[in-house]
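Residue numbers (UniProt numbering): 1 to 460. In this text, a Cβ means the ideal position worked out from N, Cα and C, and glycines have one as well. Being a predicted model, the structure only gives us computed values, none of them experimental.
Rendered as structure tokens:
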């Protein structure tokens with residue numbers, strides 16, 4: 001028997017659920033280690049005396065729980081089990097830690113002052129609909145017009161009727177994925193991608209497939225191969241330096257990926273939370289292929305972390321699906337935050353803060369270039385982070401642990417891995433800390449790069 005710790009006699013209805021529970025216990029008890037390949041459906045079905053369909057449903061349930069990953073052409077594997085709630089950043093910031101793990105823009109007293117001022121202004125002239133209405137069509141027509149104005153700063157010319165207001169990029173991503181693919185189908189994305197995509201897809205009953213990348217992002221030929229092998233319905237792309245590897249996708253690569261999407265009937269989801277923060281960039285994919293692109297942007301990474309509102313742009317054919325899925329999952333975006341964003345777009349505050357952020361990040365990235373001189377790394381002059389490649393996954397784990405021991409929190413590259421293609425690295429955020437803390441943290445990072453990696457030993 002391929003998995004002797006399973007007990008066929010203990011299976012009960014629904015059998016697929018019971019089988020999934022037994023395999024989940026085996027993973028928790030250590031009978032199935034991280035990365036172990038599960039038996040093919042037919043073999044396990046034969047061993048247990050059940051149908052192949054039942055085994056398939058059990059594996060799908062394990063994928064939904066985040067315990068197993070299904071990989072194109074290779075089978076099903078036990079996923080690396082991290083502690084509950086594991087994320088690439090510190091969930092709380094201890095006082096003695098230099099936190100270079102969480103991605104956020106640089107903020108100063110000026111930002112809080114701007115928020116206090118707009119709240120005081122709204123206390124005297126808040127539209128009644130912002131506080132009293134349940135109906136999106138009552139609250140948001142004017143905000144959609146302002147959204148179209150902001151989106152021009154992002155490189156898009158769109159009709160207000162093609163814009164849905166969201167509670168930030170995460171909400172926009174969720175609605176876009178729900179609209180672009182159906183249960184059991186595949187969404188392709190970069191092999192090093194957004195850290196919430198895999199769990200989000202599993203909650204929605206979707207499958208994520210990591211596609212090989214290079215210095216410009218996803219390889220079009222690798223996407224084409226995947227489309228021949230799997231039921232791929234959409235491709236999720238981060239062509240701006242918000243992606244973990246801090247790469248900027250060039251115009252030719254964008255056009256090549258669009259050609260693959262058109263050939264295979266794929267919807268493109270473009271995640272662009274930096275929006276106008278990055279100057280002199282190629283046009284958004286949504287500008288090049290508006291008929292098939294769902295474009296997501298927000299204000300939290302470019303203007304102010306607490307301004308958790310954003311826009312989802314959809315082509316005409318997808319607007320009914322987007323509107324319905326947003327309605328059932330979020331109802332409406334928070335009207336008060338939408339009101340603040342619109343006021344700041346109209347009076348120029350939003351772009352003022354974007355320009356300040358550009359200049360400040362350019363200064364921060366110059367510090368990075370100076371302190372990591374001679375050390376291979378990827379970054380953009382107006383980006384929020386640095387990507388520092390390492391030699392192996394083991395070296396990555398030791399590096400992150402040693403940095404934490406010396407008072408610096410970094411984001412491990414494994415948090416961004418989608419699929420089995422490994423890219424050992426650490427992500428170093430440049431905006432969450434003060435300038436002096438950034439220098440201190442980078443000094444420790446540089447010293448660790450130049451030192452031979454040492455495992456942590458427990459004192460007993």
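Original post:
In or out: residue 85 buried (at least 16 other Cβ within 10 Å) or exposed?
Top reply: The residue labelled residue 85 in the question sits at position 85 within the chain shown. Low per-residue confidence applies at residue 85: pLDDT is 41, beneath 50, and the placement is therefore not dependable enough to give any value.
**OP:** Could you give the DSSP three-state label for residue 373: helix, strand or coil?
**Re:** Here residue 373 refers to the residue found at position 373 of the chain shown. Residue 373 falls in the coil class under three-state DSSP.
Subject >> Integer-rounded CB distance, given that residue 419 should sit under 8 Å from residue 191 >> reply: Walking along the chain shown from the start, residue 191 turns up at place 191. Walking along the chain shown from the start, residue 419 turns up at place 419. Right, the Cβ-Cβ distance comes to about 6 Å (below 8 Å), so this counts as a contact.
**OP:** Just grab the DSSP bridge partners of residue 267 for me.
**Re:** Translated into positions along the chain shown, residue 267 becomes position 267. BP columns for residue 267 point to 234.
Original post:
residue 190 lies in the beta strand (DSSP E); which residues open and close that run?
Top reply: In the chain shown, the residue the question calls residue 190 occupies position 190. Run containing residue 190: 186 to 190, per the beta strand (DSSP E) assignment.
Original post:
Ends of the alpha helix (DSSP H) at residue 172?
Top reply: As a position in the chain shown, residue 172 is number 172, starting the count at 1. Looking at the DSSP string, the run of the alpha helix (DSSP H) that includes residue 172 is 169 to 180.
**OP:** Please work out which residues of its chain come closer than 8 Å, Cβ to Cβ, to residue 162, disregarding the five sequence neighbours upstream and downstream, and give them in chain order.
**Re:** As a working mapping, residue 162 is identified with position 162 in the chain shown. Non-local beta-carbon contacts of residue 162 in its own chain, meaning distances under 8 Å to residues more than five positions away in sequence, involve 313, 314, 315, 316 and 319 in chain order.
Subject >> Three-way DSSP call (helix, strand, coil) for residue 382 in this model >> reply: On the chain shown, residue 382 is found 382 positions in, with the first residue counted as 1. Coil at residue 382, not helix or strand.
Original post:
In whole angstroms, what separates the C-alpha of residue 67 from that of residue 116?
Top reply: By 1-based counting over the chain shown, the position of residue 67 is 67. By 1-based counting over the chain shown, the position of residue 116 is 116. Pairing residue 67 with residue 116, the inter-Cα distance amounts to about 45 Å.
Original post:
How about residue 399 and residue 195: do their beta carbons lie closer than 9 Å?
Top reply: Taking the first residue of the chain shown as 1, we reach residue 399 at position 399. Taking the first residue of the chain shown as 1, we reach residue 195 at position 195. No.
**OP:** Give the range of the beta strand (DSSP E) segment to which residue 210 is assigned.
**Re:** Here the question's residue 210 lines up with position 210 in the chain shown. Start and end: 207 to 211.
**OP:** Have a look at residue 108 and residue 244 and give me their C-alpha separation to the nearest angstrom.
**Re:** For the purposes of this step, residue 108 is identified with residue 108 of the chain shown, where counting begins at 1. For the purposes of this step, residue 244 is identified with residue 244 of the chain shown, where counting begins at 1. When the Cα atoms are used, residue 108 and residue 244 turn out to be separated by approximately 25 Å.
Original post:
Looking only at DSSP bridge pairs, what is residue 294 linked to?
Top reply: As a first step, residue 294 must be located in the chain shown, where it is residue number 294. Answer is 269, bridged to residue 294.
**OP:** Since I believe residue 96 is in contact with residue 407 (beta carbons under 8 Å), could you give me their beta-carbon distance rounded to a whole number of angstroms?
**Re:** Locating residue 407 in the chain shown gives position 407, where the first residue counts as 1. Locating residue 96 in the chain shown gives position 96, where the first residue counts as 1. Confirmed, Cβ separation roughly 6 Å.
**OP:** Using beta-carbon positions only, say whether residue 390 and residue 445 come within less than 9 Å of one another.
**Re:** Numbered from its first residue, the chain shown carries residue 390 at position 390. Numbered from its first residue, the chain shown carries residue 445 at position 445. It is not a contact, given that the beta carbons lie outside the stated cut-off.
Original post:
Exposed or buried, residue 435, counting other C-beta atoms within 10 Å across all chains shown (16 or more means buried)?
Top reply: The sequence position of residue 435 within the chain shown is 435, counting from 1. Classification for residue 435: exposed.
Original post:
What does DSSP give as the partner residues of residue 411 in its beta bridges?
Top reply: In the chain shown, residue 411 corresponds to position 411, counting from 1. Answer is 427.
Original post:
In the structure shown, what three-state DSSP assignment does residue 166 receive?
Top reply: Translated into positions along the chain shown, residue 166 becomes position 166. Note: residue 166 maps to strand in three-state DSSP.
Original post:
Which of helix, strand or coil does DSSP assign to residue 303?
Top reply: As a first step, residue 303 must be located in the chain shown, where it is residue number 303. In this structure, residue 303 counts as coil in the three-state DSSP scheme.
Original post:
Exposed or buried, which one is residue 53 when buried takes at least 16 other CB atoms within 10 Å?
Top reply: The count along the chain shown starts at 1 and reaches residue 53 at position 53. It is exposed - the Cβ of residue 53 has fewer than 16 other Cβ atoms within 10 Å.
Subject >> Cutoff 7 Å; reference residue 216; Cβ partners in own chain excluding five residues on either side >> reply: Locating residue 216 in the chain shown gives position 216, counting from the first residue. 247, 249, 250 and 253.
Original post:
Going by C-alpha distance, which of 433, 396, 450 and 280 is nearest residue 426?
Top reply: Taking the chain shown and counting its residues from 1, one reaches residue 426 at position 426. Closest option to residue 426, Cα to Cα, is 396.
Original post:
From residue 368 to residue 280, what does the alpha carbon distance come to, in whole angstroms?
Top reply: On the chain shown, position 368 is the one that residue 368 refers to. On the chain shown, position 280 is the one that residue 280 refers to. Answer to the nearest angstrom: the Cα atoms are 21 Å apart.
**OP:** Taking all protein chains shown into account, decide if residue 189 is buried (16 or more other Cβ within 10 angstroms of its Cβ) or exposed.
**Re:** Taking the chain shown and counting its residues from 1, the one referred to as residue 189 is at position 189. Flag for residue 189 reads buried.
Subject >> Terminal residues of the alpha helix (DSSP H) in which residue 399 lies >> reply: As a position in the chain shown, residue 399 is number 399, starting the count at 1. First-last of the alpha helix (DSSP H) with residue 399: 393 to 405.
Original post:
Near residue 151, which residues of its chain fall below 6 Å by C-beta distance, leaving aside the five closest residues on each side in sequence?
Top reply: Counting from 1 along the chain shown, the entry for residue 151 is found at position 151. Cβ within range, chain order: 158.
**OP:** Following the continuous beta strand (DSSP E) through residue 76, name the residue where it begins and the one where it ends.
**Re:** Indexing the chain shown from 1 puts residue 76 at position 76. Secondary structure note for residue 76: its beta strand (DSSP E) is the uninterrupted segment 75 to 78.
**OP:** Kindly indicate which residue of 208, 223 and 206 has the alpha-carbon position closest to the one of residue 214.
**Re:** Residue 214 sits at position 214 when you count from the first residue of the chain shown. Closest by alpha carbon: 223.
Original post:
In chain order, what residues of the same chain have a beta carbon less than 6 Å from the beta carbon of residue 293, not counting five sequence neighbours either side?
Top reply: In the chain shown, the residue the question calls residue 293 occupies position 293. Hits under 6 Å: 268, 270, 285 and 286.
Subject >> Coil, strand or helix - residue 462 by DSSP >> reply: The chain is shown only over 1 to 460; residue 462 falls outside these bounds and no answer can be derived.
**OP:** Could you tell me the distance, in whole angstroms, from the CA atom of residue 134 to the CA atom of residue 266?
**Re:** The residue labelled residue 134 in the question sits at position 134 within the chain shown. The residue labelled residue 266 in the question sits at position 266 within the chain shown. Computed Cα separation, rounded: 34 Å.
**OP:** Using only alpha-carbon positions, find the residue among 12, 13, 64 and 442 that is nearest to residue 208.
**Re:** Taking the first residue of the chain shown as position 1, residue 208 is located at position 208. Considering only alpha carbons, the answer is 64.
Subject >> Beta carbon of residue 147 nearer than 9 Å to that of residue 165 >> reply: The residue you call residue 147 lines up with position 147 of the chain shown. The residue you call residue 165 lines up with position 165 of the chain shown. Yes.
Subject >> Simplified DSSP assignment, three categories, for residue 419 >> reply: As a position in the chain shown, residue 419 is number 419, starting the count at 1. Coil at residue 419, not helix or strand.
**OP:** Reducing DSSP to helix, strand and coil, say where residue 98 ends up.
**Re:** Residue mapping note: residue 98 aligns to position 98 of the chain shown, counting from 1. DSSP places residue 98 in strand when its eight states are reduced to three.
Subject >> Residue of 364, 450 and 376 minimising C-alpha distance to residue 429 >> reply: Mapped onto the chain shown, residue 429 falls at position 429. For residue 429, the nearest C-alpha among the options comes from 364.
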